[in-house]
Amino acid sequence: MDLNVEDVRAGAGDRRISRRTLLTRGGALAGTLVSSSALAGLLSACGADGTGARTDGAARSLTRIARLSAAITGEPDLLDPQKSSLYAASQVYDHVFSKLLTMDARGGFVPRLATRWRLEDERTWVFDLRDDVTFHNGERFTADDVRYTFERLLAKSTASSYAQNFATLDEVEVLAPDRVAFHLSEPFAPFLTVLANNGQIVKRKAIEQRGSGRRPVGTGPFVFVEWARGDHIRLRRNPDYFERRVPYADELTFRIQPSSPQRVEAVRAGELDWIDAVPPESLVSVRDDPALRLVTANTGGLPQFLMFNTTRPPLDNTALRQAIAWTIDREQIRKVAFLGAGETGSEEVPTGSPWYDGRDPYRRGPDLERARELMRRSGLRDVRITFSAWTAAPYPAKVGEVMREQLKQIGVELEVRRVEISVWLEELFAKKYELTIGFNERTIDPDNFYSLILRSGSAQNVTGYENREFDRLIDRARAEQDEARRRELYAQARQRVFADVPVLFVHYDTMHYLMRSEIGGSEVRPNLELGLQYVGSLQ
Amino acid sequence: MRIPWLFLLRRLVLTIPVLGAMSVVVFLVLHLVPGDPARTMLGLRATPELVEEVRASMRLDESLPSQYLHWIEGVVQGDLGRDHLAGQPVGEIIGGALPVTFELAFLSMLVALGVGLPAGILAARRPGRVRRATEGFVILGTSIPDFWLGIMLITLFSTALALLPPSGYVPFADDPIGNLRYFVMPALALGLGQAAFIARTTRAAVEDVLRAPFVLFLRAKGVPEPVILWRHALRNAAPQIVTVVGILTGVLLGGAIVIETIFGLPGLGRVLITAIEQRNYTVVQGAVLVIAATFITVNLVTDVLVAWLDPRVADGGAA
Numbered sequence: 001m002d003l004n005v006e007d008v009r010a011g012a013g014d015r016r017i018s019r020r021t022l023l024t025r026g027g028a029l030a031g032t033l034v035s036s037s038a039l040a041g042l043l044s045a046c047g048a049d050g051t052g053a054r055t056d057g058a059a060r061s062l063t064r065i066a067r068l069s070a071a072i073t074g075e076p077d078l079l080d081p082q083k084s085s086l087y088a089a090s091q092v093y094d095h096v097f098s099k100l101l102t103m104d105a106r107g108g109f110v111p112r113l114a115t116r117w118r119l120e121d122e123r124t125w126v127f128d129l130r131d132d133v134t135f136h137n138g139e140r141f142t143a144d145d146v147r148y149t150f151e152r153l154l155a156k157s158t159a160s161s162y163a164q165n166f167a168t169l170d171e172v173e174v175l176a177p178d179r180v181a182f183h184l185s186e187p188f189a190p191f192l193t194v195l196a197n198n199g200q201i202v203k204r205k206a207i208e209q210r211g212s213g214r215r216p217v218g219t220g221p222f223v224f225v226e227w228a229r230g231d232h233i234r235l236r237r238n239p240d241y242f243e244r245r246v247p248y249a250d251e252l253t254f255r256i257q258p259s260s261p262q263r264v265e266a267v268r269a270g271e272l273d274w275i276d277a278v279p280p281e282s283l284v285s286v287r288d289d290p291a292l293r294l295v296t297a298n299t300g301g302l303p304q305f306l307m308f309n310t311t312r313p314p315l316d317n318t319a320l321r322q323a324i325a326w327t328i329d330r331e332q333i334r335k336v337a338f339l340g341a342g343e344t345g346s347e348e349v350p351t352g353s354p355w356y357d358g359r360d361p362y363r364r365g366p367d368l369e370r371a372r373e374l375m376r377r378s379g380l381r382d383v384r385i386t387f388s389a390w391t392a393a394p395y396p397a398k399v400g401e402v403m404r405e406q407l408k409q410i411g412v413e414l415e416v417r418r419v420e421i422s423v424w425l426e427e428l429f430a431k432k433y434e435l436t437i438g439f440n441e442r443t444i445d446p447d448n449f450y451s452l453i454l455r456s457g458s459a460q461n462v463t464g465y466e467n468r469e470f471d472r473l474i475d476r477a478r479a480e481q482d483e484a485r486r487r488e489l490y491a492q493a494r495q496r497v498f499a500d501v502p503v504l505f506v507h508y509d510t511m512h513y514l515m516r517s518e519i520g521g522s523e524v525r526p527n528l529e530l531g532l533q534y535v536g537s538l539q
Numbered sequence: 001m002r003i004p005w006l007f008l009l010r011r012l013v014l015t016i017p018v019l020g021a022m023s024v025v026v027f028l029v030l031h032l033v034p035g036d037p038a039r040t041m042l043g044l045r046a047t048p049e050l051v052e053e054v055r056a057s058m059r060l061d062e063s064l065p066s067q068y069l070h071w072i073e074g075v076v077q078g079d080l081g082r083d084h085l086a087g088q089p090v091g092e093i094i095g096g097a098l099p100v101t102f103e104l105a106f107l108s109m110l111v112a113l114g115v116g117l118p119a120g121i122l123a124a125r126r127p128g129r130v131r132r133a134t135e136g137f138v139i140l141g142t143s144i145p146d147f148w149l150g151i152m153l154i155t156l157f158s159t160a161l162a163l164l165p166p167s168g169y170v171p172f173a174d175d176p177i178g179n180l181r182y183f184v185m186p187a188l189a190l191g192l193g194q195a196a197f198i199a200r201t202t203r204a205a206v207e208d209v210l211r212a213p214f215v216l217f218l219r220a221k222g223v224p225e226p227v228i229l230w231r232h233a234l235r236n237a238a239p240q241i242v243t244v245v246g247i248l249t250g251v252l253l254g255g256a257i258v259i260e261t262i263f264g265l266p267g268l269g270r271v272l273i274t275a276i277e278q279r280n281y282t283v284v285q286g287a288v289l290v291i292a293a294t295f296i297t298v299n300l301v302t303d304v305l306v307a308w309l310d311p312r313v314a315d316g317g318a319a
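Those protein sequences? They're chains A and B, same order as listed.
Residues in the first sequence are numbered from 1 upward in steps of one, following our numbering.
Residues in the second sequence are numbered from 1 upward in steps of one, following our numbering.
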């Protein structure tokens with residue numbers, strides 16, 4: 001499980017990072033510490049040049065590049081940060097729009113449109129904004145745009161998939177043209193994380209005039225040029241971008257291509273400069289190739305987890321679920337189904353996350369004796385389970401097949417049923433499945449996962465898990481601003497989940513970015529922002 | 001050699017009910033297949049309210065006949081509706097993909113005819129080793145999947161020899177040479193397989209004609225072989241060959257989904273498969289209608305050509 005940050009940034013010695021990460025990890029700590037004037041000074045120092053941790057040694061060694069050709073695996077649905085529901089779209093629109101703040105590679109918060117922020121009381125965040133930013137259509141960026149953005153995001157007619165993340169946001173108040181206050185309905189610790197994920201600022205006029213989605217207008221490092229459906233999206237450098245020196249690329253083109261070994265060939269041949277995913281079967285050859293650079297980290301990615309339908313037999317039987325958890329060999333699943341890529345599943349966050357607690361009892365590997373004892377205790381015989389493998393990616397079926405072999409050891413017969421993703425979604429939400437594998441995008445703060453997937457009453461809780469004690473822990477952790485206490489609460493909540501097994505984390509899909517070795521500046525960020533404005537030529 | 005107007009008219013009139021039936025079939029199949037478009041769009045982040053909201057905006061809460069009529073109304077006026085995800089006019093989406101598919105079809109047909117016709121004619125004229133070699137080619141060509149051939153070509157020309165780009169596309173207007181370089185391998189992969197069909201049909205048709213009594217008569221008259229072949233035999237074999245070419249062209253114009261995916265060509269096949277996965281109803285309906293109309297047109301042109309070449313067909317006789 002040795003995943004090193006093969007980071008391009010040689011000599012990235014930014015002294016401010018360690019203090020910043022202490023300050024802003026998880027976002028909650030900022031609230032309690034900020035009263036200290038020394039830290040207030042720190043925040044304004046970060047705001048002074050607006051680029052936070054980005055001004056470092058590596059930036060100086062990168063030069064401009066005329067054309068950057070990047071490939072992403074999916075096609076965006078639309079380039080509207082509030083209306084889109086696809087990660088592929090955010091990969092593109094994060095370059096056209098800016099958020100108030102974002103995350104760096106270490107998970108620290110970095111200013112963008114906001115220069116500084118503070119928790120005024122437990123339900124109010126105040127943000128100071130930059131006053132030197134213009135949208136791509138020439139209009140100035142002001143606090144009104146922030147208010148408009150979030151009103152739109154929360155409006156019923158927008159039908160935004162991200163509205164739930166901002167469910168605690170009551171109102172955005174404009175205090176001055178360069179200052180806003182976010183009023184929450186209750187204390188909400190993950191607020192900064194959510195803002196660093198989904199708070200891209202849009203301009204009312206641009207939305208109303210040009211229509212959203214196909215010709216986006218933002219404040220980001222790149223300006224939208226064209227979108228040829230099924231083929232590519234082209235952006236060009238924003239000469240008035242507010243961060244100095246970036247972007248390095250004059251033109252950025254996103255080609256839409258499913259993940260395949262051909263993509264790797266295309267990088268080698270110079271057809272593509274940068275790709276966002278490397279198929280597992282190509283990982284070995286690219287690691288050894290000096291002409292290529294592979295950037296990967298254990299700080300961000302996608303958790304993949306088994307979901308057990310606890311509302312119907314046979315998986316309503318807790319002992320059976322525990323038996324399965326003690327039987328599954330996740331390391332073998334990683335080697336066979338994922339060809340050795342990523343991390344062995346354990347928790348909802350990867351090992352490089354500050355939230356990782358390492359107390360997963362199943363992580364030491366299968367314990368068949370215990371599993372068989374649990375099977376006896378379950379009182380069940382001749383257990384047959386159907387595993388729904390959605391077919392939009394190859395791995396669900398492979399995971400199912402490996403598990404089928406493993407579960408034979410405790411006398412459980414697993415049938416792998418391939419199902420199209422549309423049908424899978426319907427069955428999932430109607431709770432008509434037995435066992436399946438799911439994923440949750442943008443799990444950076446544990447609340448992103450637990451409130452959504454496992455809290456009773458959540459629309460996305462398809463396992464039917466209902467544990468009042470667990471709900472209480474999650475709710476307290478959401479409101480708790482002290483980070484150390486939050487960590488302990490989540491550790492306790494996890495122990496409930498490990499004991500009841502409504503889900504079992506089988507794999508953590510880490511990101512792999514591939515480029516030729518003369519291209520640098522690419523990093524993996526926990527919020528999975530690609531940051532291609534920081535990518536340039538190393539020559 | 002007159003143009004069979006009545007024949008043409010009869011066929012044109014028949015087109016309308018055929019297209020009408022197609023539209024009903026594609027509509028029903030799409031709407032009755034499990035998998036709700038709203039849920040598919042929203043994915044795992046769906047809440048009941050969101051799903052309701054999106055369904056209403058897509059008019060999915062209306063009755064099936066009502067939805068169908070709403071769509072057909074638009075089609076008749078030339079409006080194929082808008083795509084559910086981004087609101088882009090379906091006509092625009094399809095229009096953007098058509099040039100790619102047309103170019104691929106055209107170039108593949110060039111390869112297919114350029115290889116298949118000579119091979120078939122050669123085989124018909126020289127029995128023995130040449131014929132057996134052609135037969136071998138035919139068997140290989142019809143059995144080898146085009147996508148396997150495509151991947152082998154990439155391995156050879158891109159990976160090993162670095163002569164051609166493995167995938168991608170640039171419009172012809174922007175960069176003619178670049179555009180053609182992207183199409184070489186896809187056209188070969190598709191065209192060689194079809195060359196086999198054409199070779200087989202050509203060989204059989206020409207052989208048949210060369211055995212006909214009138215050819216014996218021409219030989220007896222002392223007409224030179226080349227004249228017999230080019231002026232007489234091919235004219236008579238043409239209807240069969242044209243028919244096969246017509247069918248192959250119609251199929252090609254429907255979009256070669258797998259080849260387009262492998263080579264990264266943004267053609268109709270890729271648009272269609274993506275739209276199906278997304279349950280993007282209007283795009284699928286529009287694309288299927290366009291493909292059906294194209295196929296029908298190509299068939300019509302083929303039949304008219306054949307009728308022109310062989311007047312007996314237009315009069316209802318056998319080709």
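Cβ atoms here follow ideal geometry from the backbone N, Cα and C, with glycine treated the same way.
Asked                                                                                                                                                                     : Found
Chain C partners of V423 (chain A), CB-CB under 7 Å?                                                                                                                      : Among the protein chains in the structure shown, which are A and B, there is no chain C.
With distance defined between alpha-carbon atoms, name the residue in A:E251, A:V225, A:E281 nearest to Q262 (chain A).                                                   : A:E281
Helix, strand or coil, according to DSSP, for W355 (chain A) in the structure here?                                                                                       : coil
If you scan the region 57-137 of chain B from start to end, which runs of the alpha helix (DSSP H) of 4 or more residues do you find wholly inside it?                    : 64-76, 90-125
Would you call E529 (chain A) buried or exposed, if buried means 16 or more other Cβ atoms sit within 10 Å of its Cβ?                                                     : buried
Should V13 (chain B) go down as buried or exposed, given a rule of 16 or more other Cβ atoms within 10 Å for buried?                                                      : exposed
Less than 7 Å between C-beta atoms, sequence neighbours within five positions excluded: which residues of the same chain meet that for A105 (chain B)?                    : T249, L252, L253
Here's the rule: buried if 16 or more other CB atoms are within 10 angstroms of the residue's CB, otherwise exposed. What is M58 (chain B)?                               : buried
Determine the DSSP secondary structure at V126 (chain A), reduced to helix, strand or coil.                                                                               : strand
For L292 (chain A), write down the residues that DSSP places opposite it in a beta bridge.                                                                                : A:R516
Go ahead and pull the three-state DSSP assignment for T40 (chain B).                                                                                                      : helix
Of all the options B:S167, B:R279, B:A46, B:F295, which has the alpha carbon lying nearest to the alpha carbon of A269 (chain A)?                                         : B:S167
Look up D500 (chain A) in the DSSP assignment and say whether it is helix, strand or coil.                                                                                : helix
In whole angstroms, give me the CA-to-CA distance for N317 (chain A) and R455 (chain A).                                                                                  : 19 Å
Under 7 Å, CB to CB, which of the residues in the region 65-85 of chain A have a partner in chain B?                                                                      : E75, D77, L78, S85
Under the three-state reduction of DSSP, which class applies to A298 (chain A): helix, strand or coil?                                                                    : Residue 298 (chain A) is actually Asn in this sequence, not Ala. Of the three classes helix, strand and coil, the one that applies to N298 (chain A) here is strand, per DSSP.
Along the chain, where does the alpha helix (DSSP H) containing T149 (chain A) start, and where does it finish?                                                           : 143-154
Assuming D131 (chain A) contacts D77 (chain A) under a Cβ cut-off of 8 Å, what Cβ separation, rounded to an integer in Å, is found between them?                          : That pair is no contact at about 34 Å.
Closest Cβ-Cβ distance between A189 (chain A) and chain B: below 7 Å?                                                                                                     : no
What residues match up with P111 (chain A) in a beta bridge as DSSP calls it?                                                                                             : A:L101
Mind checking which residues open and close the alpha helix (DSSP H) that includes A323 (chain A)?                                                                        : 318-327
Out of B:L28, B:I16, B:R55, which one is the CA nearest neighbour of G284 (chain B)?                                                                                      : It should be noted that the sequence gives Val, not Gly, for residue 284 (chain B). Here the closest residue by C-alpha is B:L28.
Please list the residues of the region 447-458 of chain A that have a C-beta atom closer than 7 Å to any C-beta atom in chain B, keeping them in chain order.             : none
Less than 8 Å between the CB atoms is what I'm expecting for V501 (chain A) and R321 (chain A), so what's the real figure, rounded?                                       : 4 Å
With 7 Å set as the bound, which would you pick, yes or no: does the beta-carbon of D445 (chain A) sit closer than that to a beta-carbon of chain B?                      : no
Round the Cβ separation of V524 (chain A) and A159 (chain A) to the nearest angstrom and send it over; I've been treating them as touching at under 8 Å.                  : Contact flag wrong, Cβ pair sits at about 31 Å.
Are the Cβ atoms of L504 (chain A) and L368 (chain A) separated by less than 7 Å?                                                                                         : no
Along the region 41-69 of chain B, where does the CB come closer than 8 Å to a CB of chain A? Name the residues.                                                          : M41, L42, G43, L44, R45, A46, T47, P48, E49, L50, E53, V54, S57
Mind checking the region 147-163 of chain B against chain A and listing, in chain order, the residues whose C-beta falls within less than 7 Å of any C-beta there?        : I154, S158, T159, A162
Measuring only between beta-carbons, confirm whether Y281 (chain B) sits less than 7 Å from chain A.                                                                      : no
Using a beta-carbon distance below 7 Å, is G141 (chain B) in contact with chain A?                                                                                        : no
Between E265 (chain A) and chain B, is there a C-beta pair that is closer than 7 Å?                                                                                       : yes
Count Cβ pairs between the region 346-359 of chain A and the region 426-436 of chain A that sit closer than 8 Å; are there 3 or more?                                     : no
What are the start and end residues of each continuous alpha helix (DSSP H) run of 4 or more residues lying completely inside the region 1-32 of chain B, in chain order? : 5-32
What separation, rounded to the nearest whole angstrom, lies between the Cα atoms of L8 (chain B) and G114 (chain B)?                                                     : 29 Å
Which chain B residues sit within Cβ distance under 8 Å of Q228 (chain A)?                                                                                                : Here residue 228 (chain A) turns out to be Ala, not Gln, going by the sequence shown. Simply G96, P266.
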